[in-house]
Amino acid sequence: MKKLLILAMMAFTFGANAQTFPQPSPLAKVYQVVGLNEMEIVYSSPAVRERKVFGEMLPNNELWRTGANSATKLTASDKFMVGDKVVEAGSYSIFTIPAEKDITFILNSDENASGGSYDETKDVARVKVPFNTSEKNMERLQFTFANTTPSGSDIMFRWADRSFVVPVKVMTDEAVKMNYDAKLKEYEGEFSLYSEAANYYLETGNNKLALEMAKKSTDLNKKFWNTHTLAKAYVANGDKKNAKIAAEESLKLAQEANYDHYIKLNEKMISEL
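Here it is in structure tokens:
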């Protein structure tokens with residue numbers, strides 16, 4: 001009994017120590033919604049600690065797991081593109097091959113792969129990008145998402161005096177159409193869905209389809225907000241005459257509803273037409 005008590009106390013002590021002392025390469029996560037695609041990178045973040053990292057600690061032209069401890073992992077809720085490769089939804093390990101002026105970015109379908117278990121035949125995407133040098137030193141390895149739009153984002157890596165950027169594209173238009181079609185079947189005749197679609201297509205530059213959706217919305221039910229969207233769609237398609245008519249109608253509806261924000265939006269649009 002005494003022996004069991006001692007073992008239990010030791011286990012508690014080790015458990016407490018594991019939680020008390022910080023890890024040399026702490027776990028880090030970065031999450032970003034890109035269009036409708038939820039993307040996350042999970043990695044362990046080592047420190048420079050006055051070492052020469054690239055070209056010495058990490059030799060050029062050798063495979064690297066792009067982090068510390070277990071494999072760095074990228075997870076996406078829907079398919080996306082890296083370079084010219086379509087990558088299906090799921091989790092992937094990230095590997096890189098650093099060189100002096102460029103770096104090869106690799107996604108591998110074995111999400112738990114390490115340097116020793118890496119299998120090139122399981123690569124799903126490879127792209128070579130510039131490996132940039134900076135005068136400013138980044139002490140800990142860091143992944144971020146930047147320049148995010150409805151159709152894509154940049155995966156950005158920084159550590160020590162080096163950095164790289166890998167653009168990814170997402171199939172937002174395809175996903176929107178699927179969701180939109182499904183919603184219309186469920187809520188047939190719902191005018192607000194057409195207006196949502198019109199705003200999305202305006203944002204992504206599909207102006208002709210935006211106008212079609214905006215017209216469908218106002219044909220079903222005219223509100224100040226969807227009539228303003230119709231005016232924006234006319235502007236995007238170069239039809240200032242009908243844009244002014246729609247903006248004036250939206251202004252009247254906004255005044256009746258005493259909605260100051262849309263009153264100002266329409267007054268500004270009318271003054272610019």
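Residue 179 in the UniProt record's numbering is what sits at position 179 of the sequence shown, and the numbering runs on without skipping anything. Don't be surprised by glycine CBs; every beta carbon is placed ideally from N, CA and C.
| Asked | Found |
| --- | --- |
| Counterpart residues of Gly90 in DSSP-defined beta bridges | Ala76 |
| Identity of the residue in Ser271, Thr104, Thr133 nearest Lys240 by Cα | Ser271 |
| 6 Å CB neighbourhood of Phe164 in its chain, flanking five on each side removed | Ile103, Val129, Phe131, Phe157 |
| Reduced DSSP secondary structure (H/G/I, E/B, other) of Ser153 | strand |
| First through last residue of the alpha helix (DSSP H) which encompasses Tyr118 | No alpha helix (DSSP H) contains Tyr118, which DSSP labels as neither H nor E. |
| Cβ-Cβ distance between Gly238 and Pro150 below 9 Å | no |
| Coarse secondary structure for Ser217, derived from DSSP in three states | helix |
| C-alpha gap between Leu74 and Ala254, whole angstroms | 46 Å |
| Beta-carbon contacts of Lys101 that lie in its chain and below 8 Å, excluding the five residues immediately before and after | Pro130, Phe131 |
| Straight-line Cα distance separating Tyr31 from Ala231 | 36 Å |
| For Glu139, three-class secondary structure by DSSP | strand |
| Contact the segment 110-126 vs the segment 83-95: 3+ CB pairs below 8 Å | yes |
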